[in-house]
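Single-structure report; data block below.
Laid out in structure tokens, this is it:
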């Protein structure tokens, strides 16, 4: 079994998911887990480093989700979860700060009435 990078993107996400579960925030943990798994599957690895999370990869991932038939709000939710994991890595000093990393992907909410 492959060891996860101690300070990698995947590890940071898993650590946060475990913390959410310990706090009893199971639904939130579930959404983070789905987003992290989906992105990892798209990238072809369950052991992703922060440097592998690039503007181009995020843009292609958003397009992939759209082509798979996901709705804009679902895509936005996944992107916001990934951005949150990235921001936690930056705050912990595990990830390099990349200005506007998530600028080119949809992170809004489509309000329907």
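In full-length UniProt numbering, the protein residues as written are 1 to 113. Where a beta carbon is used, it is the ideal one built from N, C-alpha and C, also for glycine.
Notebook entry, point to check: Taking the alpha-carbon positions, what's the residue 80 to residue 94 distance?
Noted result: 19 angstroms
Notebook entry, point to check: Quick one: Cα of residue 1 to Cα of residue 43, how far?
Noted result: Low local confidence applies: a pLDDT of 34 at residue 1 is under 50, so the model's placement there is unreliable, and no value is given.
Item checked: Inter-stretch contact at 8 angstroms, needing at least 3 Cβ pairs: the stretch 48-55 / the stretch 64-72 -> no
Check: When you compare each of 92, 100, 54 and 110 to residue 11 by their alpha carbons, which one comes out closest?
Finding: 92
Next item on the list: With a threshold of 16 other CB atoms inside 10 Å of the CB of residue 24, please say whether the residue is buried or exposed.
Entry: exposed
Note to self: Pairs of beta-carbons, one from the stretch 12-20 and one from the stretch 52-69, closer than 8 angstroms: are there three or more?
What the structure shows: no
Next item on the list: Helix, strand or coil for residue 40, going by three-state DSSP, please let me know.
Entry: Here residue 40 sits in helix by DSSP.
Notebook entry, point to check: What whole-angstrom Cβ distance do residue 9 and residue 89 have, given they're in contact under 8 angstroms?
Noted result: 7 angstroms
Check: Helix, strand or coil: which one does DSSP assign to residue 10?
Finding: Helix at residue 10.
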